[in-house]
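Protein chains: 2
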Amino acid sequence: MSTPDPRLSINQGTVKHASLAEALRATADAGVQAIGLWREPVQEVGLSTAAKMLADSGLRFSTHCRSGFFTMPEGPERRASIDDNRLAIDEAATLAAAGAPGSCPVLVLVAGGLPEGSRDLIGARERVRDAIGELAPYAKAAGVQLAIEPLHPMYASDRCIVSTLGQALDIAADFEPEVVGVTVDTFHIWWDPDVLASIERAGREGRIATYQVCDWKTPLASDVLLSRHYPGDGVIDFASLTRAVETTGYDRDIEVEIFNADIWAKDADTIVRETAAGFGAAVSPHLAASVAG
Amino acid sequence: MSTPDPRLSINQGTVKHASLAEALRATADAGVQAIGLWREPVQEVGLSTAAKMLADSGLRFSTHCRSGFFTMPEGPERRASIDDNRLAIDEAATLAAAGAPGSCPVLVLVAGGLPEGSRDLIGARERVRDAIGELAPYAKAAGVQLAIEPLHPMYASDRCIVSTLGQALDIAADFEPEVVGVTVDTFHIWWDPDVLASIERAGREGRIATYQVCDWKTPLASDVLLSRHYPGDGVIDFASLTRAVETTGYDRDIEVEIFNADIWAKDADTIVRETAAGFGAAVSPHLAASVAG
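Which chain is which? The protein sequence lines are W and A, in order.
Sequential numbering from 1107 applies to the first sequence in the numbering used here.
Sequential numbering from 1107 applies to the second sequence in the numbering used here.
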């Protein structure tokens, strides 16, 4: 088995049915150097235990997934969301400090969908901007970079009203790049006619907090949330997208985050091995080091 | 039962299981004044018979659905597609001439997805532009307006690589507006942060060939092609979108085109009645006449 790309990071969502311990072990055992964690399995063992486990694994920490969900109008539910986002910021800071050198204190933010019964997309967008405005000072104090993630427009109504990289950058523009960046995830933005220009802009504005790769193919899974594939198994052109990201100078780890019931059904070692193989074939050849070398 | 909105047009796709004769009868019987036809049921009876049936119905003809599908590289398959598109142009001209006064010789174009095995989205887009360039003189001679339809990005890989109204307008910009316009379909573009600006631009550039309304809601149908709903049954803000279209001076018929297995299972009379009711409640209040009145 060849050595995994040194910049590959396994997002814990890819091995959803593994415990934190199992995810860390399978990732490290495969020779992968970095991992992105999810809040629920971290909270299951407790933050300080999770941080210790991460430190013991020797892995870098690439992102914390995920927080956000603040499109609702003012009220107790919104306050609870803001409070929970502050907690997520604390988690991201603690985990990044516990990870190996090169870890990134990045918290991925998914905006949330339209509130129940609402058709006011524009109002919901404004409330996202307001929420980030509330959180930014807290994130800055914690040294955490918030990473607004545009999600594919098929999730616009029920999950994320931020649908394009350009829109995420427009929201981020009100804030310092070290505090508010964006998530560049191929699955969500590959179709966008402006995608290459938006990646260039994101780089120029210093906003690329994390680059994430997984593939798109049809027919979509009946639950469209679970329709993500290993890099190379679908139609996404990882060459142009990866080169665009690398050209900006992005040099952090690159996560593979896949939600796919068929993949989740495999054991963690198999998933990590297959992920590394897909990444090596579809993404690695387009990384700056490879292109230069 | 109240009288249907005089600008409502029933797209034949909404009553998919009805024959042409049945679709025309149910539409006219309900007091709806216009219909958009599909190629297959027209071809089933033959064009001249279809034209006579349409004329006898007394209905206006609002669009012909649909042609396009020309993302493939040069070769026999592409030639066959271009030939078939010329045939569709002829059909649209004949049907518009047969329809009641106010009929529109509009042919809806769906670009097509990525060719099998291809990841070259940019190349596919160029081939769409080239195909329209080939067809434009033929359409102009026939007096037919081609209506490029951006489809929701969830169809980008397998059905239509034109995903936003802005992108459709960029392609159309190379041609005369009377020959190449765009389809504004709420289902496909409601999520777009630029949608209102793009509608304004489409109007300013004289490109709105047809305005089509149906609703979006989640969870999506397991076949995402069939996830369209009556206006008012989902989350789309028909107020802002319809006003934006009307403000441009658009005064043609407005089609309701729904693909939904549960709706298709009903009889045509019921579907037309429910469509008219949804349109009356969700769209009519925002039409220029209503707003002015």
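Heads up, the beta-carbon is just placed ideally off N, CA and C, and yes, glycines get one too.
Cβ of residue i within 8 Å of any chain W Cβ
i	result
Arg1225 of chain A	yes
Pro1211 of chain A	no
Gln1273 of chain A	yes
Leu1257 of chain A	no
Leu1220 of chain A	yes
Trp1144 of chain A	no
The beta strand (DSSP E) enclosing residue i, as first and last residue numbers
i	result
Gln1149 of chain A	Segment Arg1145 to Val1151 is the alpha helix (DSSP H) holding Gln1149 of chain A; no beta strand (DSSP E) there.
Val1319 of chain W	Ile1314 to Val1319
Asn1117 of chain A	Leu1114 to Asn1117
Val1138 of chain W	First-last for Val1138 of chain W: undefined, no H or E at that position.
Val1341 of chain A	Element bounds for Val1341 of chain A: n/a, residue is neither H nor E.
Ser1125 of chain W	From DSSP, Ser1125 of chain W is part of no beta strand (DSSP E); its letter is neither H nor E.
Gly1208 of chain W	Element bounds for Gly1208 of chain W: n/a, residue is neither H nor E.
Phe1167 of chain A	Arg1166 to Gly1174
Residue i burial status per 10 Å Cβ neighbour count (16 or more: buried)
i	result
Glu1363 of chain W	buried
Ala1202 of chain W	buried
Glu1150 of chain W	exposed
Asp1162 of chain A	exposed
Ala1387 of chain A	exposed
Ala1132 of chain W	buried
Ser1396 of chain W	exposed
Ala1186 of chain A	exposed
Ile1116 of chain A	buried
Asp1135 of chain A	exposed
Asp1368 of chain A	exposed
Ser1080 of chain W	Here chain W has residues from 1107 to 1399 only, and residue 1080 of chain W is not among them.
Arg1379 of chain A	buried
Gly1399 of chain W	With a pLDDT of only 44 at Gly1399 of chain W, under 50, the local geometry of the prediction cannot be trusted, and no value is derived from it.
Ser1263 of chain A	buried
Ala1245 of chain A	buried
Arg1310 of chain A	exposed
Asp1111 of chain W	buried
Gly1400 of chain A	Any question about residue 1400 of chain A goes unanswered here, given that chain A covers just 1107 to 1399.
Gly1152 of chain A	exposed
Gly1164 of chain W	exposed
Closer than 8 Å to chain A by CB, residue i
i	result
Val1288 of chain W	no
Ser1269 of chain W	yes
Leu1332 of chain W	no
Met1260 of chain W	yes
Ile1103 of chain W	Beyond the ends of chain W as shown, which are 1107 and 1399, falls residue 1103 of chain W; an answer cannot be given.
Asp1264 of chain W	yes
Pro1299 of chain W	yes
Thr1177 of chain W	no
Leu1326 of chain W	yes
Leu1160 of chain W	no
Gly1399 of chain W	Since pLDDT at Gly1399 of chain W reaches only 44, below the 50 mark, its modelled position is unreliable, and no value is offered.
Lys1323 of chain W	yes
Continuous alpha helix (DSSP H) stretch holding residue i: start and end
i	result
Gly1229 of chain W	Leu1227 to Ala1248
Leu1193 of chain W	Pro1182 to Ala1204
Self-check item: Complete runs of the alpha helix (DSSP H) confined to the stretch 1253-1323 of chain A [at least 4 residues]
Solution: 1271-1278, 1292-1295 and 1301-1310
Quiz item: Is there contact here, the stretch 1277-1284 of chain A with the stretch 1255-1263 of chain A, by at least three beta-carbon pairs under 8 Å?
Solution: no
Quiz prompt | Completely contained beta strand (DSSP E) runs for the stretch 1347-1373 of chain A, where each covers 3 or more residues | solution = 1360-1362
Exercise. Specify whether the stretch 1294-1301 of chain A and the stretch 1191-1198 of chain A touch according to this definition: at least 3 beta carbon pairs, one from each stretch, less than 8 Å apart.
Key: no
Self-check item: Contact the stretch 1333-1345 of chain A vs the stretch 1335-1352 of chain W: 3+ CB pairs below 8 Å
Solution: no
Quiz item: Do the stretch 1364-1382 of chain W and the stretch 1122-1133 of chain W make contact, defined as three or more Cβ pairs closer than 8 Å?
Solution: yes
Quiz item: Is the stretch 1132-1142 of chain A in contact with the stretch 1340-1347 of chain A, if contact means three or more CB pairs nearer than 8 Å?
Solution: no
Quiz prompt | At least 3 beta-carbon pairs within less than 8 Å: the stretch 1181-1192 of chain W vs the stretch 1116-1126 of chain W | solution = no
Self-check item: Segment contact flag, the stretch 1262-1277 of chain W with the stretch 1300-1314 of chain W, C-beta cutoff 8 Å, min 3 pairs
Solution: yes
Quiz item: Would you call the stretch 1313-1323 of chain A and the stretch 1174-1184 of chain A in contact, with 3 or more CB pairs under 8 Å?
Solution: no
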